[in-house]
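Peer 1: My numbering applies: residue 28 is where the sequence shown begins, and numbers increase by one.
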Amino acid sequence: MKLHNTLTNRKEDFAPVKPGRAGIYICGPTVYNLIHIGNARPYVVFDVLRRYLEHIGYTVNYIQNFTDIDDRIIAKAKDEGTDFLDVADKYIAEFFTDIDGLNIKRAAHYPRVTGEIPDIIALVQLLVAKGFAYEVGGTVYFSAPKADNYGKLSKKNIQDLAAGARVEINTDKRHPSDFVLWKAAKPGEPSWPSPWGGGRPGWHIECSVMARKYIGQTIDIHAGGQDLIFPHHENEIAQSEAEMPGPFVNYWLHNGMILSNNQKMAKSDGNFFLVRDAAQKFSYNVLRFYLLSAHYRMPLNFSEELIQAAANGLERIRNCRRNLLEAQQKAISGDFTMPDDIGNLRKAFEAALADDLNTANAITALFELVKFANTHISTHKAILQAILDEMDFMCGLLGITLEVNDNSGANTAEIEALISKRNAAKAAKDWAAADSIRDKLAEMGIVIKDTREGTKWHYA
Ligand SMILES: [Zn+2]
Numbered sequence: 028m029k030l031h032n033t034l035t036n037r038k039e040d041f042a043p044v045k046p047g048r049a050g051i052y053i054c055g056p057t058v059y060n061l062i063h064i065g066n067a068r069p070y071v072v073f074d075v076l077r078r079y080l081e082h083i084g085y086t087v088n089y090i091q092n093f094t095d096i097d098d099r100i101i102a103k104a105k106d107e108g109t110d111f112l113d114v115a116d117k118y119i120a121e122f123f124t125d126i127d128g129l130n131i132k133r134a135a136h137y138p139r140v141t142g143e144i145p146d147i148i149a150l151v152q153l154l155v156a157k158g159f160a161y162e163v164g165g166t167v168y169f170s171a172p173k174a175d176n177y178g179k180l181s182k183k184n185i186q187d188l189a190a191g192a193r194v195e196i197n198t199d200k201r202h203p204s205d206f207v208l209w210k211a212a213k214p215g216e217p218s219w220p221s222p223w224g225g226g227r228p229g230w231h232i233e234c235s236v237m238a239r240k241y242i243g244q245t246i247d248i249h250a251g252g253q254d255l256i257f258p259h260h261e262n263e264i265a266q267s268e269a270e271m272p273g274p275f276v277n278y279w280l281h282n283g284m285i286l287s288n289n290q291k292m293a294k295s296d297g298n299f300f301l302v303r304d305a306a307q308k309f310s311y312n313v314l315r316f317y318l319l320s321a322h323y324r325m326p327l328n329f330s331e332e333l334i335q336a337a338a339n340g341l342e343r344i345r346n347c348r349r350n351l352l353e354a355q356q357k358a359i360s361g362d363f364t365m366p367d368d369i370g371n372l373r374k375a376f377e378a379a380l381a382d383d384l385n386t387a388n389a390i391t392a393l394f395e396l397v398k399f400a401n402t403h404i405s406t407h408k409a410i411l412q413a414i415l416d417e418m419d420f421m422c423g424l425l426g427i428t429l430e431v432n433d434n435s436g437a438n439t440a441e442i443e444a445l446i447s448k449r450n451a452a453k454a455a456k457d458w459a460a461a462d463s464i465r466d467k468l469a470e471m472g473i474v475i476k477d478t479r480e481g482t483k484w485h486y487a
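Here's what the structure looks like:
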């Protein structure tokens, strides 16, 4: 499998640290709100990466953290008059509702910051002892210029960063790129005792600790959104490679942003669409299909039209599957030649995923299979079964469910209502009305066929 590595800016063959095993670390959410569609994209696309690696024989150790202590969580707890852990617990439960709805496989572990405080303190102590970090007034900073090649992931130069930095007021930092490892507690804030007094971890340090604790010294794949490259992932590398020699991570994978009105979807800008709302309007399944419709590195536009297009596409696949199952009822056995197309489309599907997880091209192969099934109606049991098997295999790898009936079927109800209207017109010998309904269906891309068992339809 080839993966695009942000660190080298090249597509590289995936070679794991341990044969047959793949350790994947993905940055999880800060739990103070419901997740929006932009937040959901990495969980969906990297779930397909995991499914594909498992399919080609890897045992995958998939780890995702929860940031359960943060200024925004504390602020929310204050607003609601509750404890910060109640806020975190509530939104972790809500996160799982969305994640399960989106059919994302569970990680092996979901470490939380508040569960890892002793290990975090131990790493900060080590970084101070090794001369990579310094304390001022109970806050510990990482000294970015001490890191080996700081800026190597984000392709930033530490001199440029210093020159471009805003002048910070009241900072104790020695260099503008230095960052907090341990934050001294303000009065009334949750805090933990440490060698530097009461405080709590900075944001970046948790991932350095958890990735190595739950995966090992070198992580095969570290994934997240492109907005995490700098400073979060850059700082993770600095901390971890100061702790012990690198590489900390062999393959850095970053997904593109979801754009809404040409801007990154972000809670802080109020420019977001919640997964929960989209799932209610469409379905989780449709949302997942939409999120996989573009290559993960590309930006993806958010619009209801695009989600509706995904819903229609999914319905096209479902409809084809229904027709195949129906055709199977009266299919024949005996001699047959398996058409090459079926195996070739499977190869195209797998080749697309092997090429840096190109789900867009994989979905194209899936639609080619639908087209093949619709245009080569077979009466042979084994051929029908082979098409059904391939369809189920492809949808399974993408994590798409075909059995459930979700809101995407609205289109189907409309089509079936038109077909019964046309049949009524035919029964009344109103041929003009029957023809005009047939034309209307054709305009909608629906092909109908009158059979002894009634009117059958499929997408053109
Ligand atoms: Zn992280």
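For each residue, glycine too, the CB sits at the ideal point set by N, CA and C.
With a 10 Å radius around its C-beta and 16 neighbouring C-beta atoms as the bar for buried, classify Val163 as buried or exposed.
Peer 2: Under this definition Val163 is an exposed residue.
Peer 1: Would the C-beta of Cys347 count as close to ligand 1, meaning under 8 Å from any of its heavy atoms?
Peer 2: No, the beta carbon of Cys347 sits no closer than 8 Å to any heavy atom of ligand 1.
Peer 1: Are the CB atoms of Leu30 and Val71 within a distance shorter than 9 Å?
Peer 2: Not closer than 9 Å, so no.
Peer 1: Quick one: complete beta strand (DSSP E) runs, 3+ long, within the segment 39 to 86?
Peer 2: Within the segment 39 to 86, the complete beta strand (DSSP E) runs of at least 3 residues are 48 to 53.
Peer 1: Kindly examine ligand 1 and report whether one of its heavy atoms sits closer than 8 Å to the Cβ of His281.
Peer 2: No, the beta carbon of His281 sits no closer than 8 Å to any heavy atom of ligand 1.
Peer 1: Nearest by alpha-carbon distance to His485: which of Val313, Lys45, Cys347 and Ile96 is it?
Peer 2: Residue Cys347 is the option with its Cα nearest to His485.
Peer 1: Under 6 Å Cβ to Cβ from Tyr311, same chain only, skipping five residues before and after it: list those, please.
Peer 2: Excluding positions up to five away in sequence, the list reads Gly128 and Leu129.
Peer 1: Taking all protein chains shown into account, decide if Gly279 is buried (16 or more other Cβ within 10 angstroms of its Cβ) or exposed.
Peer 2: The identity of residue 279 in the sequence shown is Trp, whereas the question assumes Gly. Buried: at least 16 other Cβ atoms inside 10 Å.
Peer 1: Which residues does DSSP list as the beta-bridge partners of Pro228?
Peer 2: Trp209.
Peer 1: Given that a residue counts as buried once 16 or more other Cβ atoms are within 10 Å of its Cβ, and exposed if not, what is His82?
Peer 2: His82 should be labelled exposed.
Peer 1: Within 10 Å of its beta-carbon, does Gly55 have 16 or more other beta-carbons around it, so buried, or fewer, so exposed?
Peer 2: Counting Cβ neighbours within 10 Å, Gly55 comes out buried, since at least 16 surround it.
Peer 1: Where does Asn298 sit, in a helix, a strand or coil, going by DSSP?
Peer 2: Strand at Asn298.
Peer 1: Express the C-alpha separation of Leu411 and Ser235 in angstroms, rounding to a whole number.
Peer 2: Going from the Cα of Ser235 to the Cα of Leu411 covers about 50 Å.
Peer 1: From the DSSP output, in three-state form, read off Gly178 for me.
Peer 2: If DSSP states are grouped into helix, strand and coil, Gly178 belongs with coil.
Peer 1: According to DSSP, Lys476 sits in a beta bridge with which residue or residues?
Peer 2: Lys483.
Peer 1: Pick out whichever of Ala413, Phe159 and Asn282 has its Cα sitting closest to the Cα of Met271.
Peer 2: Comparing Cα-Cα distances from Met271 to each of Ala413, Phe159 and Asn282, the minimum goes to Phe159.
Peer 1: Determine, using beta carbons only, whether Thr57 and Thr94 come nearer to each other than 9 Å.
Peer 2: Yes, Cβ-Cβ distance for Thr57 and Thr94 is below 9 Å.
Peer 1: Run through the segment 218 to 276 for me and flag every whole beta strand (DSSP E) of 3 or more residues, listed as ranges in chain order.
Peer 2: Fully enclosed beta strand (DSSP E) runs of 3 or longer: 226 to 228 and 246 to 252.
Peer 1: What residue ranges within the segment 110 to 155 form continuous alpha helix (DSSP H) runs of no fewer than 4 residues, ordered along the chain?
Peer 2: DSSP runs (the alpha helix (DSSP H)) wholly in the segment 110 to 155: 111 to 128.
Peer 1: Roughly how many whole angstroms lie between the Cα atoms of Ile53 and Asp466?
Peer 2: Their Cα atoms are separated by approximately 50 Å.
Peer 1: Tell me which same chain residues have a C-beta within less than 8 Å of the C-beta of Phe300, skipping the five on either side of it?
Peer 2: Closer than 8 Å at Cβ, skipping near neighbours: His63, Ile64, Ser287, Met292 and Phe329.
Peer 1: In its own chain, which residues sit with a C-beta less than 6 Å from the C-beta of Phe275, not counting the 5 before and 5 after it?
Peer 2: The residues are Ile264, Ser267 and Glu268.
Peer 1: Arg449: which of Asp462, Glu441 and Ala250 sits nearest, CA to CA?
Peer 2: Checking every option, the nearest Cα to that of Arg449 belongs to Asp462.
Peer 1: Does the distance between the C-beta of Asn92 and the nearest non-hydrogen atom of ligand 1 fall short of 8 Å?
Peer 2: Yes, since a heavy atom of ligand 1 falls inside the 8 Å radius drawn around the Cβ of Asn92.
Peer 1: State the DSSP-derived secondary structure class of Asp416, mapped to helix, strand or coil.
Peer 2: Three-state result, Asp416: helix.
Peer 1: When the distance is taken between beta carbons, is Arg343 closer than 9 Å to Met421?
Peer 2: Cβ distance not < 9 Å, so Met421 and Arg343 don't count as in contact.
Peer 1: Quick check: is any heavy atom of ligand 1 less than 8 Å from the C-beta of His136?
Peer 2: Flag unset: Cβ of His136 not near ligand 1.
Peer 1: Mind listing, in chain order, the residues whose beta carbon lies closer than 5 Å to a non-hydrogen atom of ligand 1?
Peer 2: After applying the 5 Å Cβ criterion, the set is Cys54 and Cys234.
Peer 1: Quick check on DSSP: helix, strand or coil for Lys29?
Peer 2: Correct three-state label for Lys29: strand.
Peer 1: So what's Thr166 in DSSP terms, helix, strand or just coil?
Peer 2: DSSP places Thr166 in strand when its eight states are reduced to three.
Peer 1: Just the Cα atoms here: how many angstroms apart are Ala444 and Met471?
Peer 2: In a straight line, the C-alpha of Ala444 is about 14 Å away from that of Met471.
Peer 1: Just checking my contact of Ile90 with Tyr323 at CB under 8 Å: how many whole Å lie between their CB atoms?
Peer 2: Wrong, their Cβ atoms sit about 19 Å apart, outside the cutoff.
Peer 1: Candidates Asn277, Ser181 and Arg139: which alpha carbon is nearest Asp116's?
Peer 2: Among Asn277, Ser181 and Arg139, the Cα nearest to that of Asp116 is on Arg139.
Peer 1: Buried or exposed for Met325, please, with buried defined as at least 16 other CB atoms from any protein chain shown within 10 angstroms of its CB.
Peer 2: Per the 10 Å Cβ criterion, exposed.
Peer 1: Once you ignore the five residues that flank Val87 on each side, which residues in its own chain have a CB closer than 7 Å to its CB?
Peer 2: Answer for Val87: Ala49, Ile51, Arg77, Leu80 and Glu81, listed in chain order.
Peer 1: So which of Ala306, Asp247 and Gly191 has the shortest CA-CA distance to Leu61?
Peer 2: Residue Ala306 is the option with its Cα nearest to Leu61.
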